[in-house]
Amino acid sequence: MNRPKINIKKTRLDKSIEFLTFFLLLGAALLLAIWYAQLPERVPIHFNWPTKDRNGMDSKDVLWAGPVILGALILGMFKLNQYPWIFNYPFEIHEGNAERQYRIATRLLRWLNLLLAILCIVLTVLSLLDGLEVAKHQ
2 MNRPKINIKK
12 TRLDKSIEFL
22 TFFLLLGAAL
32 LLAIWYAQLP
42 ERVPIHFNWP
52 TKDRNGMDSK
62 DVLWAGPVIL
72 GALILGMFKL
82 NQYPWIFNYP
92 FEIHEGNAER
102 QYRIATRLLR
112 WLNLLLAILC
122 IVLTVLSLLD
132 GLEVAKHQ
C-alpha cells in the first residue's frame with residue numbers, strides 16, 4: 002500500500018466546521034464549570050429516554066466524563082485527519098484520485114467531530130438542567 006501523501010488544503014467550510022466543533026466542546030466544559038458549584042452533590046445519571054425514568058444517582062463529578070471522553074475522541078480524530086493516506090478506502094488510491102478521496106474522507110471526519118461536539122453540549126446541558134432541577138427541590 003503505497004498511497005500518495007498529499008497535504009489537503011482546508012477550505013473555509015472545513016475551517017468553520019473545526020472552529021464550531023472546538024467552540025461547542027469548550028462551551029460544554031465552560032457551562033459545566035460555571036454551574037458546577039450550584040449542583041447538588043448527587044445528580045441523576047441515566048435516563049430511559051422515552052419515559053425519563055431516573056435510573057440512579059451519582060456524584061456530580063461524573064458529569065465531567067462526557068466532555069472529557071468526547072473531547073479525547075474529538076482530539077484524536079482531529080489528529081488522525083492530518084494523515085488521510087492511512088485511512089481504509091474500499092478501492093485503490095493513486096495520484097489521480099488521491100486528492101478528491103482524501104478531501105471526502107477528511108470532511109467526513111470533520112462532520113463526525115461536529116456531531117460529537119453537538120452531542121457533548123446537548124448531554125451536558127440536559128444533565129445540568131436535570132441536576133439543577135434536583136437542587137431546586139431539595
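Just so we're aligned, residue 2 is where the sequence shown starts under this note's numbering, counting upward by one.
Using N, Cα and C, we set each Cβ at its ideal position, and we do this for glycine too.
Minimum C-alpha distance to residue i - residue among the options
i, options, result
"Asp62", "Leu81, Leu40, Gly72", "Leu40"
"Leu14", "Leu109, Ala99, Trp36, Gly28", "Leu109"
"Thr107", "Pro85, Tyr37, Pro91, Leu124", "Pro85"
Between the CA atoms of residue j and residue i - distance to the nearest angstrom
i, j, result
"Phe20", "Tyr37", "25 Å"
"Leu130", "Ala118", "18 Å"
"Asp59", "Arg43", "5 Å"
"Ile9", "Leu116", "22 Å"
"Ile1", "Ile35", "Beyond the ends of the chain as shown, which are 2 and 139, falls residue 1; an answer cannot be given."
Residue i classed as buried or exposed, judged by whether at least 16 other C-beta atoms fall within 10 angstroms
i, result
"Thr12", "exposed"
"Ile150", "With the chain running from 2 to 139 in the structure shown, residue 150 is simply not present."
"Pro91", "exposed"
"Ala123", "Just to set this straight, residue 123 is Val in the shown sequence, not Ala. The residue is exposed, with fewer than 16 neighbouring Cβ atoms inside 10 Å."
"Gln102", "buried"
"Leu64", "buried"
"Leu81", "exposed"
"Leu76", "exposed"
"Ile97", "The sequence shown places Gly at residue 97, rather than the Ile named in the question. Answer is exposed; the Cβ neighbour count stays below 16."
Own chain residues within Cβ distance below 8 Å of residue i, not counting five before or after
i, result
"Gly67", "Ala29, Cys121, Leu124, Thr125, Ser128"
Anticipated Cβ contact below 8 Å, residue i with residue j, distance rounded
i, j, result
"Leu26", "Gly72", "6 Å"
Same chain, Cβ closer than 7 Å to residue i, five either side skipped, listed in chain order
i, result
"Ile7", "Ala99, Glu100, Tyr103"
"Val135", "Pro41, Val44, Pro45"
"Ile18", "Arg111, Trp112, Leu115"
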